[in-house]
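Read through the structure below, which is laid out as structure tokens, and then see the notes.
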């Protein structure tokens, strides 16, 4: 038996659509027309499916995401209960769609395999992230080591520079002592014991020669 008065509801919806259609095409909010015809959303969907199956209408655009529903009306011929029953699946086909234990087992296995694939994918992603994190950590340690070495090198250079400045100060002091007030011809020349002073004098002598 066809679902209670579905054929009547479908024809009522067809008449409402035809009444507000322009040149045989309805373009608007289907739920408003269905409500005016006394159909809720479930019965409206069933009626539209029946009308479309019987060739009374053709849905050109579904009313999704704020869009209007566009329906071309092909025929306004009344719908009989026999028309509605002819669109229902036969008892034989309904019996053949019953699930067996094999079908249930296959569905469970397919679901488990799908879960296993998802789990393997997540595991692979975690491993990739872990490897990238390890590489980044090693790179950070390498950069920290290089920075520490550079700081040590800078400290060493500062120490050497300070030592060179102190040596230069000593050399200047020794030069001032060496080229101080003129000595009498009788006084012997003073010897220069400082190695830095001797080095400076050697440079000066080589420049004069």
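Residue numbers (the working numbering): -6 to 202.
C-beta atoms are modelled at their ideal positions from N, C-alpha and C, and glycine is treated no differently.
None of these values were measured; they are calculated from a predicted model.
Query                                                                                                             : Result
Using a threshold of 8 Å, state whether the C-beta atoms of residue 19 and residue 13 are closer than that.       : yes
Could you check where the alpha helix (DSSP H) with residue 157 kicks off and where it finishes?                  : 94 to 171
Can you give me the C-alpha to C-alpha distance between residue 136 and residue 121, rounded to a whole angstrom? : 22 Å
Give the DSSP bridge partners of residue 21, in chain order.                                                      : 62
With DSSP as the reference, identify every bridge partner of residue 70, one or two as the case may be.           : In the DSSP output, where bridge partners are listed per residue, residue 70 has none listed.
Consult DSSP for residue 2 and reduce its assignment to one of helix, strand or coil.                             : helix
Can you give the Cα-Cα distance for residue 151 and residue 131, rounded to whole angstroms?                      : 30 Å
With H, G and I counted as helix, E and B as strand and the rest as coil, what does DSSP make of residue 10?      : helix
Per DSSP, which residues does residue 15 bridge with? Please list them.                                           : 18
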